[in-house]
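Notes follow the structure.
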Amino acid sequence: MQKFFSNKKLIILMILIIVTFGLLAITVNIRDKKNTPPLVQQVGNDVVSVVGGVFAYPTNAVKNATSEFSDLYNTYSENKRLKARIGELAQNQAKLEVVQDENKKLKQELNLNSTLTDYSTINASVLSRSPSSWQSYLTINRGQTSGIKKNMPVMSGKGLIGRIVEVDKISSKVELISTDNELNDKFAAEISASNNNNITGVVSRYDSSTGDLVMENVNSTKDIKKGQSVITSGLGGLTPRGLYIGKVYGIKKDNYGMTNSVYITPAAELRNFTVVTVIKSSVKGEN
Amino acid sequence: MNIKTRKIVGQVLFILIAFYLDGLMKWAFLNNMNHGVVAILPQFMLMVIVLLTMRIDNRRQLIIYGIAFGLVYDSYYYGIIGLYTVLLPLLMIGIDHFKFLLVKNNMGYELSIYFLSLTFLQSGIYLLERLLQQTNTNVLDFITYTLGPTLLWNIVVLFILYIPLANISEWLVKYRRDSK
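Here the protein sequences come in this chain order: A and B.
Under our numbering, the first residue of the first sequence is numbered 1, with each subsequent residue one higher.
Under our numbering, the first residue of the second sequence is numbered 288, with each subsequent residue one higher.
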């Protein structure tokens, strides 16, 4: 009898191990390969996120209030600085309108329906962040029904913050660019140099010790200067061209001295926002 | 609804609130994305689960709680199923199995059991994620930047919140059999 029981325990342990690895392997595969998780999981996540909204809205209100308070603190000096730029801005705005109009007409002339720079936006508010160190996901309250698809880029007010990794019916998950993950967080980027030839590369890594994004596979580092702005190049499928990523901070050689990596200070302050914008490219890429 | 069902509903709600608090706390206060060296992970749900497990005697109920909430946690926060879903019930059975050794629930015991369970859970998650190549953090970085700060933060929070949390879980579990 004793032997029988110990066998039973052994069998339970074995089944447990098989189930664990089976479940993990299946869900990781689904996440990486399929566009949406299974329906049961989608519905489950949606229900949880709808209820979560009840808790999230007051929290976001508090968060907004505190950031407003710190904004108020800096108002005077900021106001002085901003007044100086208002005149410039109005002029730029007028110029932009004219140029956009001209651009539209020229596109019509050329029969171009959409180019890499065309996109529409979907606004969503953040419900929570995963309490996990390796899955830095934000849950947002828009999903398939709002037209969100996997791998779409996500911006906060100032710049790029990540991309969609999981889409449910009315909620989805955003993976932040600060994730220390080799598989997913790659953005085709370019640095607009002064003399019209753009430097392209891939933002592929996040340096957590400095808080910088790292751009690799850069074609030439000759014209790169500190402070130049980095934008997405639109060469990677679902990401349109012209989303602001950040400013060049410096260039470092890798450990072997073979390739150059450009370090970028991200524009989006990945902290004080409660609303994000999902970018929907008008050009249909693969995927 | 009889008293037993009402208590169970209360327990589920209690765990659910703690579940949402995990994500909101991380989002609203511990959101260190720009200088993301130290990762503090709030684990309120585990606190509540440990406190309830110390008081509930029905093992079947514990296993159901563990699997159900583990599944929801994995699906909603991690996007991979099989981390909390497996580790949480295991942990609860473990606590249930050894809790007869403790003469009486007091703060010291419960803090140290929470400490052990948090270590077990986080290390388990790290090992599984490492095996499935979801992370490439090495062990020393994990201990210094994730496990250490997480343990410290959560133990301090449990120390502060112990009395209300313990009273609520006591009230949610204990009832006289003759009362309706």
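Don't be surprised by glycine CBs; every beta carbon is placed ideally from N, CA and C.
Neighbouring residues, chain B, relative to residue i (Cβ below 7 Å)
i                 : result
Leu213 of chain A : Those within 7 Å of Leu213 of chain A in chain B number zero; the least Cβ separation is about 11 Å.
Asn45 of chain A  : Ser362, Tyr363
Ala189 of chain A : Under the 7 Å cutoff, chain B gives no residues; its nearest Cβ is about 19 Å from Ala189 of chain A.
Thr36 of chain A  : None at all; the shortest Cβ gap to chain B is about 12 Å.
Lys173 of chain A : Gly366
Val99 of chain A  : Ordered by position in chain B, no residue passes the 7 Å Cβ test against Val99 of chain A, which lies about 34 Å from the chain.
Glu166 of chain A : Gly366
Val203 of chain A : Near Val203 of chain A there are no residues of chain B at all, since even the closest Cβ is about 16 Å away, more than 7 Å.
Asp56 of chain A  : Residue identity differs from the one stated: residue 56 of chain A is Ala in this sequence, not Asp. Correct list: Leu311.
CB contact below 8 Å: residue i versus chain A
i                 : result
Asp344 of chain B : no
Ile354 of chain B : no
Lys313 of chain B : yes
Gln421 of chain B : yes
Leu398 of chain B : no
Asn454 of chain B : no
Ala298 of chain B : Per the sequence shown, residue 298 of chain B should be read as Gln rather than Ala. Taking Cβ atoms only, chain A never reaches closer than 8 Å to Gln298 of chain B, which makes this a no.
Thr372 of chain B : yes
Lys415 of chain B : Residue identity differs from the one stated: residue 415 of chain B is Leu in this sequence, not Lys. Judged by the 8 Å Cβ criterion, Leu415 of chain B is in contact with chain A.
Ile393 of chain B : The sequence given here places Asn at residue 393 of chain B; Ile does not occur at that position. Cβ-Cβ to chain A under 8 Å: no for Asn393 of chain B.
Tyr401 of chain B : no
Tyr307 of chain B : yes
is_contact[residue i, chain B] using C-beta, thresh 8 Å
i                 : result
Gly157 of chain A : no
Val91 of chain A  : The residue asked about is misnamed: residue 91 of chain A is Gln in this sequence, not Val. Cβ-Cβ to chain B under 8 Å: no for Gln91 of chain A.
Tyr244 of chain A : no
Lys247 of chain A : no
Ile15 of chain A  : no
Glu289 of chain A : Any question about residue 289 of chain A goes unanswered here, given that chain A covers just 1 to 287.
Glu286 of chain A : Only weak support is given to the placement of Glu286 of chain A: the predicted model assigns it a pLDDT of 46, under 50, and the value that follows is read from those uncertain coordinates. By this cut-off, Glu286 of chain A is not an interface position.
Leu24 of chain A  : yes
Thr277 of chain A : no
Val28 of chain A  : yes
Thr20 of chain A  : yes
Lys154 of chain A : Per the sequence presented here, residue 154 of chain A reads as Val, with Lys not at that position. It does not: the Cβ of Val154 of chain A has no partner Cβ on chain B nearer than 8 Å.
Ser186 of chain A : One detail in the question is off: residue 186 of chain A reads as Lys in this sequence, not Ser. Answer no: the Cβ-Cβ gap between Lys186 of chain A and chain B never drops below 8 Å.
Ala124 of chain A : no
Val230 of chain A : no
Ala65 of chain A  : no
Gln41 of chain A  : yes
Val48 of chain A  : yes
DSSP state of residue i mapped onto helix, strand, coil
i                 : result
Glu286 of chain A : Because Glu286 of chain A sits at a pLDDT of 46, beneath the cut-off of 50, its placement in the model cannot be relied upon, and the following sentence gives the value as read from the coordinates. Of the three classes helix, strand and coil, the one that applies to Glu286 of chain A here is coil, per DSSP.
Val278 of chain A : strand
Tyr244 of chain A : strand
Pro153 of chain A : strand
Ile86 of chain A  : helix
Lys9 of chain A   : helix
Ala268 of chain A : coil
Arg163 of chain A : strand
Lys467 of chain B : Any reading at Lys467 of chain B must be qualified, since the residue scores a pLDDT of 47, below 50, and its modelled position is unreliable; the value itself is stated next. The answer is coil: DSSP assigns Lys467 of chain B none of H, G, I, E or B.
Asp118 of chain A : coil
Tyr76 of chain A  : helix
Gln123 of chain A : Just to set this straight, residue 123 of chain A is Asn in the shown sequence, not Gln. Asn123 of chain A falls in the strand class under three-state DSSP.
Lys101 of chain A : The sequence shown places Asp at residue 101 of chain A, rather than the Lys named in the question. Helix, per DSSP.
Asp254 of chain A : coil
Ile170 of chain A : coil
Beta-carbon neighbours of residue i, restricted to chain B and to distances below 9 Å
i                : result
Glu85 of chain A : Note on identity: in this sequence residue 85 of chain A is Arg, with Glu being the wrong assignment. Ordered by position in chain B, no residue passes the 9 Å Cβ test against Arg85 of chain A, which lies about 25 Å from the chain.
Contacts that residue i makes with chain A (C-beta to C-beta distance below 8 Å)
i                 : result
Thr433 of chain B : Ser133
Gly357 of chain B : Residues of chain A passing the Cβ test: none, with the nearest at roughly 11 Å.
Gly310 of chain B : Gly52, Leu127, Ser128, Arg129, Ser130, Pro131, Thr139
Residues that residue i contacts on chain B, provided the C-beta gap is smaller than 8 Å
i                 : result
Arg31 of chain A  : Gly366, Ile367
Thr145 of chain A : In chain order: nothing, as chain B lies at least about 18 Å away.
Tyr263 of chain A : What Tyr263 of chain A touches in chain B: nothing, since even the nearest Cβ is about 14 Å away.
Ala267 of chain A : Going along chain B, no residue has its Cβ under 8 Å from Ala267 of chain A, so there is no contact; the nearest lies around 11 Å.
Thr59 of chain A  : Leu311, Trp314, Ala315
Proximal residues of chain A, C-beta to C-beta of residue i below 9 Å
i                 : result
Pro329 of chain B : Pro131
Proximity test, residue i beta-carbon vs the ligand PLP heavy atom, cut-off 7 Å
i                 : result
Leu127 of chain A : As for the ligand PLP, it is missing from this structure, which has no ligand bound.
Residue-level contact to chain C via CB, residue i, 8 Å cutoff
i                 : result
Met394 of chain B : Here chain C cannot be found, since the structure's protein chains are A and B.
Taking 8 Å as the cut-off, does the region 38–46 of chain A touch the region 161–174 of chain A (at least 3 CB pairs, one atom from each stretch)? The count of Cβ pairs closer than 8 Å, one atom from the region 161–174 of chain A and one from the region 38–46 of chain A, reaches three, so the stretches are in contact.
Contact between the region 238–245 of chain A and the region 126–146 of chain A is defined here as three or more beta-carbon pairs at a separation below 8 Å; is this criterion met? Contact between the region 238–245 of chain A and the region 126–146 of chain A is not established, with fewer than three Cβ pairs separated by less than 8 Å.
Does the region 102–113 of chain A come close enough to the region 5–16 of chain A that 3 or more CB-CB pairs lie under 8 Å? With a cut-off of 8 Å, the region 102–113 of chain A and the region 5–16 of chain A do not count as touching, because too few Cβ pairs lie within range.
Taking contact to mean at least 3 C-beta pairs separated by less than 8 Å, is the region 261–272 of chain A in contact with the region 207–227 of chain A? As far as the Cβ criterion goes, the region 261–272 of chain A touches the region 207–227 of chain A, which means the pair count is three or higher.
If we count Cβ pairs, one from each stretch, closer than 8 Å, do we get three or more for the region 367–386 of chain B versus the region 18–34 of chain A? Yes, since at least three Cβ pairs between the region 367–386 of chain B and the region 18–34 of chain A fall closer than 8 Å, the two stretches touch.
Which runs of the alpha helix (DSSP H), 4 residues or longer, sit entirely within the region 335–384 of chain B? Unbroken alpha helix (DSSP H) stretches of 4 residues or longer found wholly inside the region 335–384 of chain B: 346–360, given in chain order.
Counting beta carbon pairs with one atom in the region 273–283 of chain A and one in the region 154–165 of chain A, are three or more of them shorter than 8 Å? Yes, the region 154–165 of chain A touches the region 273–283 of chain A.
Mind the definition here: the region 92–103 of chain A touches the region 219–232 of chain A only if three or more C-beta pairs lie below 8 Å; say whether that holds. Of all C-beta pairs linking the region 92–103 of chain A to the region 219–232 of chain A, fewer than three are shorter than 8 Å, placing the two stretches out of contact.
Take every Cβ of the region 323–340 of chain B, pair it with every Cβ of the region 397–413 of chain B, and state whether three or more of those distances are shorter than 8 Å. Of all C-beta pairs linking the region 323–340 of chain B to the region 397–413 of chain B, three or more are shorter than 8 Å, placing the two stretches in contact.
Within the chosen definition, does the region 424–435 of chain B reach the region 142–152 of chain A through at least 3 CB pairs nearer than 8 Å? Result no; under three Cβ-Cβ pairs closer than 8 Å.
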